[in-house]
Structure formats: structure tokens, C-alpha cells
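Numbering of the sequence shown is given in my numbering, commencing with residue 841 and proceeding in unit increments. Where a beta carbon is used, it is the ideal one built from N, C-alpha and C, also for glycine. Take a look at the structure set out below.
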Amino acid sequence: MKPLDPRLMRYARSARRYIAATAVTGMVTAVLVVVQAFLISGAVSSVISEGAAPSAVRALAVALGGVLAARALVVLLQEVHAHRSATETIVELRRLVLEHAARLGPRWQAIHGTQTATLLTRALDDLEPYFTRYLPQLVLASTVTPATVLVLLTQDWSAAVAVVCTLPLIPIFMILIGRMTQSVSQERLKTMQVLGDQVLDLISGLPTLKAFGRERGPVEQVRSLSRSYRRTTMSTLRVAFLSGAVLEFITTLSVAIIAVQIGFRLVAGRMDLFTGLLVLMVAPEVYQPLRQVGFQFHASANGVAAANAVFEVLQTPVPEHGDLPAPDLRSSTIELDEVSVASRGAWAPAGLSASIRPGSLVALTGPSGAGKTTTTQVLLGLLPPDRGRVRIVPDGGAPSGVVDLAQIDPATWWEQIAWVPQRPTITPGTVLDNVLGHAEPGAAAAEDVPDVLVEAARATGFDKVVDGLPQGWWTPVGSAGVGLSVGQRQRLTLTRALCSTAPLVVMDEPTAHLDAASEAHVLDAVRALHASGRTVVVIAHRPALMALAEQTIAVTSQPVPPADLAPDRVPDRASAHEAATAQEEAL
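Structure, rendered in C-alpha cells:
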């Protein structure tokens, strides 16, 4: 990222306000620095050279005190505003990345999901030093340094020439050191993302590892990644310390050259004390902002690397969507025409063609990895097919009424769909909150249970679950449905689908991992959904569920030549399923 990347101001409104305010405080600081130097030089030269009494410079001393107080106040205001703006900008960038990631769809999320999670948590927090330390010094370098050089030109041109000749050494060394620091910071961010991926994967799979007694297996790998992260962090600190020593040496040497020159001229009587003191006090202020820019750059380098990663996400092109309203699915046929999706070195599905009539119960069958879950993602409009197309054909309509799914506005399409995944999305709140789809926990606390919900719960067998809960419909549940069994969560989701008015219900193996009793309740719910006139598309493996279907669609896969498969087209199937499940609330 550049010292002041335009992308930051384009994406973050808080950053634009902060830059404007910092520019104002920088100009005020430049004026105060020059005034302070004039006041000190005038007071000291009056007492020493002219023999004035200390009381004669009382006004200058009072003015100097006011300038020092003003500088302290400006620094305080700037720091307070910097911390507030940094927090607002980080929150704003997180929101933008989350929104953009949702628009990029499940395929992108499956590939980049864990890296994005690390980026939005620990990595983006490192952007705060960039705001609170680096940017203020960068603004001071663009205001105080030119102002003090201009003062030197008006007071002593030879000192100004010496400053102008030595000043470029600082940015030259900053560029050389910065290039080395950039690679170290990027390596640190990459190591942190790998460590985050490993820890997240370990936590999510810990129940399985414990079940097989292998929970200690990944410990050494996590320990090795931790050591690597520590080494990269220490490398960044070493570079920062070494670069700080180099910048300090250059600054000290430059000021020393000017001081020696002034000393000889004062002894020879070719310079008065006022000018000599003024130049001596102004010269360090010329170098100070640039030196601090070099120091603080290393403190903010990790945040700069994170910001670059954020901009890469935000600049990723979003898949194009149409803007046509979706036809009424209660009276429309969904036609899949040679639909193929590239995944993990194969077309899965491969050349799938089928017609789904309104009000029918359709089962998608096939071996694992054939592309059944991917087919549901295509039907949901979350994943565009790589080949073929999906058409919506209104019954009895003219050929001109046929609409390609790619031309339909996703929002109008999702309004007509209820999605029942294997792992339902259940948020913290009450059971009633989750069934009715309230976004805020406790939103349904004062509501009566609707009759349609009671009937739906009776049809799915969820009423027996509610009767066994300590507070009935108002029983609180935790994140991911903590407090409910797998079968109870599945029946909750089916009740939610039965309560909705969506004409199309898509289910991903609703009887997976269920015992016989829970499976019977799910089968009753599927029958109830079909009896209500909905179109039901269900992924089925078990014979009992396939026996309910009026139509069976066999999904198959076939290998795809490596040359036809781009690297970003190979998401892990389980990860892709999780990504699609995460979008349940959008439907």
C-alpha cells in the first residue's frame, strides 16, 4: 500500500474525515513550531546578547507558555480523533468485506473463507497503529518540514542548503528498508492466516478427533506454526530496530553538520545569536517528522499488509446477476439444460438435464461427490453453472415468457425459496425467534404462538420437542443450536419451512445422521410440505425418503481435463456446503 493509499479513502468514509482533520492539525502544528522557535530565540538572545533583564522578556515567556500549551492540546485532540477514527475505519472495512464476500458467493467463500476470518479479526486490528502513529507523522512531514525549510531559507540560506542536501537521505533509506519490511510483514500475515486456518479447523473437528482418540495429533503442527509465527514477528521487530538506528544516525549527523557550521560562524562573528539559535532549533524540526515516519512505518507495517489484503477482497469482481423479476414458482417449471459445474478436477454434476414441475416432489440421487449439493446451490441461485443453463418456464405461457435464471434478480428469486440444509443455521435466541426468523434475540418474547406455527409443529413432530423444553417456545438456545439435538434442529428447520409461504423448498439430505424415530418425523414433514402444494426438491440417500418422491433425478459426475479447470474452481465440497449453509438467512 502507498503511504496514503487512495483506496483507503475511497472505501472508508471515516478515513476521509480523519485525513482532512489531520491535515488541519498538521498545519496548526507547523505554525506553532515556527512561532515557538522565534519566541525562544528572541528571549534568549535578548537576555544574553543585549543584556536585557529577565522581566523584560516576560511577555515572550508567557507567549511561549501559550504556544507549548497549544501544541499539547493539538496533540491530545489529534490522538483522541486518531483512535476513534481508527476504530470506525476498521469496523467500516469489516462490514464492507463481509458484504462483498456475501456477494461473491459460496465458491469464493469455500476457497477464501478461513483466510477472510483471520483477516477480519486479528489482522485488521493491526491497522490501528497506521492511523494513530504513522498517518499523523506523514501529515506532519508534509506540513512541518516544508514550513521549517522555508524559515531556514529566509534566515540563513547556507543552513538551508545543508538541510536540502542531507534531507533526501532519510526517504532514500526509508524506501530501501521499507521494501525489506514489506516482505517480512507479508510473510507474517501469511503465517498468521495459516495458523488461524489450522486452529479453526482443529476446533471445528475437535469432537471427531476426540471420538477417535486423536485430539493430540495436531498439537505438534500447531506448535510448529506458532514457532514460525514468532520467528516472523521477531524478524519484523529486528528490521524495525535496525532501521530506527540508521535513521537516528542520519538525523543526528545532519543536525551535527549544521550545528558545527553555526558554531564556527558565531565564533567568527559572521552570525548573530538570534539567527544561530533560531536555525539550531528549527533544523531538528525539519528532520523530526520524516524520522518519525520511518519509525512508525514499522509499527504500522502489519496493518498496511492487512489493508492490502482487504482491498484485494473488495476489488474481486462480483458475479453478474440479472435484474428481471422471478416468475411465480407456483405455476412455473424449472428446467435444467445440460448443467455442469467444475469442482475438484471433475464436472459435478456433469450435463444434468431435468424438468421440475410445480407441486412435485423430486429426489436428487447419486453417489457422494456426484454434485447433488452443487445442484441445489445452482437451483438456489448461489452458484452459476460453468456450462448449460437453468430456465424458468411459466406453465401455459408463451416462449417469450421463458427466463434464464442468470437474468433474474436474486432477491426476487430467494423470496420464493425455503432452504433446509443438513446443518441448520440457528442463532442465539429463543426457539420461537428461530422458527419465525427474528434477527434480534428475544424479539418474539411478547408474541403469541401463531396458529399456523402450531399446525406446522404438529405436522413435523416439533410440538413434542417444544413440550419437552423447560420454557416451551420461549426456551433459549445457543449458537448453532446448542441445547437441541441434531434431530430437533432438523425438525425446527422443517417447521420454519412449513410456516413459510415459499412455493419451492430445497432440502439437503434432511434425514442424514438421524435415528429411526427422528427420520420418521422428518418424512412426515416432507409429506406435509408436499401436501401443501409446494415444489419440494430433496437430496436423498435413504430408501424411505426416495420412496416418497414422484420423480427421481440421477446426478452423475465425470472427470474434466486439467487444462479446462482453473485453480479457483476447485473448492472442497464440504467447505462449499458450509458456505452455502451460511447463506440460509439470505433466503
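{"Check": "Length of the line joining the Cα atoms of K1212 and R847", "Outcome": "41 Å"}
{"Check": "Which of helix, strand or coil DSSP assigns to T1341", "Outcome": "coil"}
{"Check": "Three-pair Cβ contact test at 8 Å for the region 928-938 versus the region 849-857", "Outcome": "yes"}
{"Check": "Pairwise C-alpha distance: D996 and I1102", "Outcome": "10 Å"}
{"Check": "With 16 other Cβ atoms within 10 Å as the buried cut-off, status of H1353", "Outcome": "exposed"}
{"Check": "The region 1194-1203 / the region 1387-1396 touching (three or more Cβ pairs under 8 Å)", "Outcome": "yes"}
{"Check": "Coarse secondary structure for R847, derived from DSSP in three states", "Outcome": "helix"}
{"Check": "Sub-7 Å separation of G1228 and E1160 beta-carbons", "Outcome": "no"}
{"Check": "As assigned by DSSP and simplified to three states, the class of D965", "Outcome": "helix"}
{"Check": "Pairwise C-alpha distance: A922 and R857", "Outcome": "11 Å"}
{"Check": "With 16 other Cβ atoms within 10 Å as the buried cut-off, status of V902", "Outcome": "exposed"}
{"Check": "Span of the beta strand (DSSP E) around T1205", "Outcome": "1201-1205"}
{"Check": "In DSSP terms, what G811 is bridged to", "Outcome": "The requested residue 811 does not occur in the structure, where the chain is confined to residues 841 to 1427."}
{"Check": "Proximity to L1220 [Cα-Cα], best of S1075, M1386, V1260", "Outcome": "V1260"}
{"Check": "Whole-angstrom distance between Q955 and A1384, CA atom to CA atom", "Outcome": "40 Å"}
{"Check": "Touch test, the region 996-1009 against the region 1096-1116, Cβ-Cβ under 8 Å, three pairs minimum", "Outcome": "yes"}
{"Check": "Whether P1316 touches T1265 by CB criterion (7 Å)", "Outcome": "no"}
{"Check": "Three-state secondary structure assigned by DSSP to E1178", "Outcome": "strand"}
{"Check": "Proximal residues to D1226 (C-beta, below 7 Å), its chain only, five neighbours per side dropped", "Outcome": "S1180, V1181, A1182"}
{"Check": "Cα-Cα separation, P1234 to T1173", "Outcome": "6 Å"}
{"Check": "Same chain, Cβ closer than 7 Å to L1082, neighbours up to 5 away in sequence not counted", "Outcome": "none"}
{"Check": "Simplified DSSP state of M1347, which is helix, strand or coil", "Outcome": "strand"}
{"Check": "Inter-residue Cα distance where the pair is D1303 and V1294", "Outcome": "7 Å"}
{"Check": "Sub-7 Å separation of A1468 and S1171 beta-carbons", "Outcome": "Summary: the structure shown does not reach residue 1468, with the chain confined to residues 841 through 1427, and so no result is reported for it."}
{"Check": "V973 - DSSP class collapsed to helix/strand/coil", "Outcome": "A small fix is needed here, since residue 973 is Arg in this sequence, not Val. In the structure shown, R973 sits in a helix (DSSP, three-state: H, G or I)."}
{"Check": "Reduced DSSP secondary structure (H/G/I, E/B, other) of A1186", "Outcome": "strand"}
{"Check": "Start-to-end residues for the beta strand (DSSP E) that takes in T1392", "Outcome": "1391-1394"}
{"Check": "L960 vs V937 beta-carbon contact at 7 Å", "Outcome": "yes"}
{"Check": "Beta-carbon proximity of G1116 to L1130, cut-off 7 Å", "Outcome": "no"}
{"Check": "Check whether T988 and V1126 have beta carbons under 7 Å apart", "Outcome": "yes"}
{"Check": "Extent of the continuous alpha helix (DSSP H) run through A1194", "Outcome": "Looking at the DSSP string, A1194 is not in any alpha helix (DSSP H); the run it does join, the beta strand (DSSP E), is 1192-1196."}
{"Check": "Terminal residues of the beta strand (DSSP E) in which V1233 lies", "Outcome": "1227-1234"}
{"Check": "Host beta strand (DSSP E) of V1377 (start-end)", "Outcome": "1375-1379"}
{"Check": "Same chain only: Cβ atoms within 8 Å of D1249, ignoring 5 sequence neighbours per side", "Outcome": "H1161, G1162, D1163, L1164, P1165, A1166"}
{"Check": "7 Å Cβ cutoff met for V914 and V868", "Outcome": "yes"}
{"Check": "As assigned by DSSP and simplified to three states, the class of Q1155", "Outcome": "coil"}
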